[in-house]
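Protein chains in written order, with the numbering used here: chain A, 29 to 171; chain B, 29 to 171; chain C, 191 to 271; chain D, 191 to 271.
Ideal Cβ positions, reconstructed from N, Cα and C, are used throughout, including at glycine.
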Amino acid sequence: MVHITDKKIVIDDLLAEVGTAASGALNIFVGTTRNRSGERSVLWLEYEAYVPMALKKMEEIEVEARSRWPVQNITVVHRVGKVDIGEASVVIAVSSAHRDESFKACRFIIDQLKENVPIWKKEHYADGSSEWSMHQHEQPVQA
Amino acid sequence: MVHITDKKIVIDDLLAEVGTAASGALNIFVGTTRNRSGERSVLWLEYEAYVPMALKKMEEIEVEARSRWPVQNITVVHRVGKVDIGEASVVIAVSSAHRDESFKACRFIIDQLKENVPIWKKEHYADGSSEWSMHQHEQPVQA
Amino acid sequence: MRIHLLFFASAYDLAGVREATAELAAGARTGAVRTHLKSLDPRFADWGDRMRFAVNREYVLDDQALHDGDEVAVIPPVSGG
Amino acid sequence: MRIHLLFFASAYDLAGVREATAELAAGARTGAVRTHLKSLDPRFADWGDRMRFAVNREYVLDDQALHDGDEVAVIPPVSGG
C-alpha cells in the first residue's frame, strides 16, 4: 500500500498495518529530516509531489519489489508539506517470512523512490533563504 | 545500547531513543514470532538467554558494527520468556546520516546476533508438545 | 496541437505558474518542449538531461511523439525520500 | 581442578540441572568437558561441533586450557532473533 500524506507519520500505525502472524521479519526504513545540509543549518523542510504520478510510480515500485522477492506486506508513506527537523519524511515497511527478503526489498524501494518518484525537497535555512535540493543522489547499492 | 527484557518491546520508545536531529536515515529490523514452523502450527514462543554473555556478545557486535560503518545510534533489544505470536522477539534500530550505513549495519547486527549470541527459542505447538529450535540458520549475506 | 504543461518545485519557480498550455507544431516530440522552455527562461537548460518529462504521468525520452491534449509535466531532479 | 558448568535450553533438558561442578584432571582442556558430558548422557554428542563452549563468557575451541574455578557454559546451537 502506498500513501502520500501531509500529516505526521505515526510509525506504530504503519506497523499494525504491515505486521501479520505469518511474517517473521519486518524491515523498516525511516528517512528523517536533518538539521544540517553540507555546511548549512536547516530549520525545516518542505516536500512537494506530483501526487497522481508519485502514487503511480510508488505502486509500480511496490509491484516490482514483489516480483523480485517473496514478501508479504509493503507499506510506503511519503510526507508532503512542511516537515520539522527529526520527523519522518518517508517510511517504508516490508514484512516477509525471512529477513533477507525484507532487507533487500526495503532497500530496493527506497533506492527506486529516490531516483524516480516525482517528489521534491526544499530546505529552509537559518539565514532565511531556501533552496530546492539538487544533491546528487547516493548511488543505489545492489544488496 | 543493548538490552534483554521480559517485557513487550514498544517500538516507539526505541525510536525515541535512537533518533536524533543529525541522523537522516534509520533502519529497523523487527523479528516477530510466526504462527508456523515448517508444517507445524505454533501457539507461542519462549526465549532463554545466558544473559551476561548474551549482553557481552551484543555489545561486541555493536562495537564491531561501529568500527565498520559511520553510524550514529544503535539499539538492540532481545526479548526473553514467553512471547506471543506476532510480537517482536528482537528489534534492532540503527541511525546514520545516510541510508547505506543504516541498512548494512542493521543487517550485520541481526546476522551476527543469530549466529553468536547465546539465546535459544523454544516453540510450543498446537498439539501440546514443544521443542527447542534447531533450525539451520540462514546463511549470513554480505550486503 | 495544444499540450497541457505542469511545473513543480524549481521548475515552478522558473515558470512562475503551476500550469500552462503550449501550442506545438503537429508531429512535435518531447524535445520540442525542452526548446520551448529554454525560450521562456534559459535557466531551464541548466539541468540538462537531469530535467525529465512525464507525458500522461509516465517518464518519456525526448523523441516521444506528443498528441493534442497530452499532460506534459516538467520534472526537475527529484529529491524525495 | 574444579570447574563450574552452566546448562541452557536443550542442554538443560539433557543435564536436568542448570548448574553443576565437575572435577577435571590438572591441565585439562575444553575437549575434556565434551567427553565428560557424553559420559553423563550420550545425546550430548548429537550436536557434534554445533555444541560450543564458553569459558568465562567467551567462546573457546576444544583445545582451550581450563583453570580451577572457570565458568564453562554449554552452548547448544543458538536460535535467537
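Name the chain B residues whose beta carbon is nearer than 7 Å to that of residue i?
{"i": "residue 247 of chain D", "result": "80, 81 and 84"}
{"i": "residue 141 of chain A", "result": "Simply none; closest approach about 11 Å."}
Can you check whether the CB of residue j is closer than 8 Å to the CB of residue i?
{"i": "residue 120 of chain A", "j": "residue 137 of chain A", "result": "yes"}
{"i": "residue 99 of chain A", "j": "residue 124 of chain A", "result": "yes"}
{"i": "residue 245 of chain C", "j": "residue 254 of chain C", "result": "yes"}
{"i": "residue 207 of chain C", "j": "residue 198 of chain C", "result": "no"}
{"i": "residue 233 of chain D", "j": "residue 256 of chain D", "result": "no"}
{"i": "residue 191 of chain C", "j": "residue 239 of chain C", "result": "no"}
{"i": "residue 39 of chain A", "j": "residue 79 of chain A", "result": "no"}
{"i": "residue 252 of chain C", "j": "residue 224 of chain C", "result": "yes"}
{"i": "residue 102 of chain B", "j": "residue 93 of chain B", "result": "yes"}
{"i": "residue 62 of chain B", "j": "residue 52 of chain A", "result": "yes"}
{"i": "residue 110 of chain B", "j": "residue 74 of chain B", "result": "yes"}
{"i": "residue 201 of chain D", "j": "residue 266 of chain D", "result": "yes"}
{"i": "residue 56 of chain B", "j": "residue 37 of chain A", "result": "no"}
{"i": "residue 160 of chain A", "j": "residue 129 of chain A", "result": "no"}
So residue i contacts chain A; which residues on that side make the cut at Cβ distance below 8 Å?
{"i": "residue 196 of chain C", "result": "78"}
I think residue i touches residue j, with their Cβ atoms under 8 Å apart; what is that distance to the nearest whole Å?
{"i": "residue 72 of chain A", "j": "residue 152 of chain A", "result": "5 Å"}
{"i": "residue 76 of chain A", "j": "residue 108 of chain A", "result": "6 Å"}
{"i": "residue 147 of chain A", "j": "residue 44 of chain A", "result": "Contact doesn't hold; Cβ gap of about 25 Å is too wide."}
{"i": "residue 195 of chain D", "j": "residue 250 of chain D", "result": "That belief does not hold up - the Cβ atoms of residue 195 of chain D and residue 250 of chain D are roughly 14 Å apart, past 8 Å."}
{"i": "residue 69 of chain B", "j": "residue 154 of chain B", "result": "4 Å"}
{"i": "residue 222 of chain D", "j": "residue 230 of chain D", "result": "Their Cβ separation, rounded to whole angstroms, is 13 Å, which puts residue 222 of chain D and residue 230 of chain D out of contact at 8 Å."}
{"i": "residue 85 of chain A", "j": "residue 145 of chain A", "result": "5 Å"}
{"i": "residue 118 of chain B", "j": "residue 270 of chain D", "result": "7 Å"}
{"i": "residue 60 of chain B", "j": "residue 54 of chain A", "result": "6 Å"}
Applying the 10 Å Cβ sphere with the 16-neighbour rule, what's the burial state of residue i?
{"i": "residue 95 of chain A", "result": "exposed"}
{"i": "residue 133 of chain B", "result": "buried"}
{"i": "residue 260 of chain C", "result": "buried"}
{"i": "residue 149 of chain A", "result": "buried"}
{"i": "residue 169 of chain B", "result": "The pLDDT assigned to residue 169 of chain B is 41, lower than 50, so where the model puts this residue is not dependable, and the model offers no usable value."}
{"i": "residue 264 of chain C", "result": "buried"}
{"i": "residue 67 of chain A", "result": "exposed"}
{"i": "residue 235 of chain C", "result": "exposed"}
{"i": "residue 216 of chain C", "result": "exposed"}
{"i": "residue 90 of chain A", "result": "buried"}
{"i": "residue 209 of chain C", "result": "exposed"}
{"i": "residue 139 of chain A", "result": "buried"}
{"i": "residue 193 of chain D", "result": "buried"}
{"i": "residue 167 of chain A", "result": "Any reading at residue 167 of chain A must be qualified, since the residue scores a pLDDT of 42, below 50, and its modelled position is unreliable; the value itself is stated next. Residue 167 of chain A comes out exposed."}
Chain A partners of residue i, CB-CB under 9 Å?
{"i": "residue 131 of chain B", "result": "55, 57, 131, 134, 135, 138, 169 and 171"}
Going along chain F, which residues have a C-beta under 9 Å from residue i?
{"i": "residue 162 of chain A", "result": "Protein chains in the displayed structure are A, B, C and D, and chain F is not among them."}
Quick one: which chain C residues come within Cβ less than 8 Å of residue i?
{"i": "residue 75 of chain A", "result": "270"}
Chain C partners of residue i, CB-CB under 7 Å?
{"i": "residue 14 of chain A", "result": "No information on residue 14 of chain A is available, as it lies outside the stretch 29 to 171 that chain A covers here."}
{"i": "residue 145 of chain A", "result": "268 and 270"}
Please list the partners that residue i has in chain D, where partner means a Cβ-to-Cβ separation under 9 Å.
{"i": "residue 117 of chain B", "result": "270 and 271"}
List, in chain order, every chain B residue whose beta-carbon is nearer than 8 Å to that of residue i.
{"i": "residue 244 of chain D", "result": "78, 81 and 146"}
Output, in chain order, the set of chain A residues within a Cβ distance shorter than 7 Å of residue i.
{"i": "residue 94 of chain B", "result": "Chain A residues near residue 94 of chain B: none, gap ~19 Å exceeds 7 Å."}
Residues from the segment 97-110 of chain A in contact with chain C, defined by Cβ distance under 8 Å: Within the segment 97-110 of chain A, those residues whose Cβ lies closer than 8 Å to any Cβ of chain C are, in chain order, 106.
Below 7 Å between beta carbons is the criterion; list the residues of the segment 54-71 of chain A that meet it against any residue of chain C, in chain order. Taken in chain order, the members of the segment 54-71 of chain A whose beta-carbon sits within less than 7 Å of a beta-carbon on chain C are 59.
Could you list the residues in the segment 249-264 of chain D with a C-beta less than 7 Å from some C-beta on chain B, going in chain order? Listed in chain order, the positions of the segment 249-264 of chain D with a beta carbon within less than 7 Å of a beta carbon of chain B are 263.
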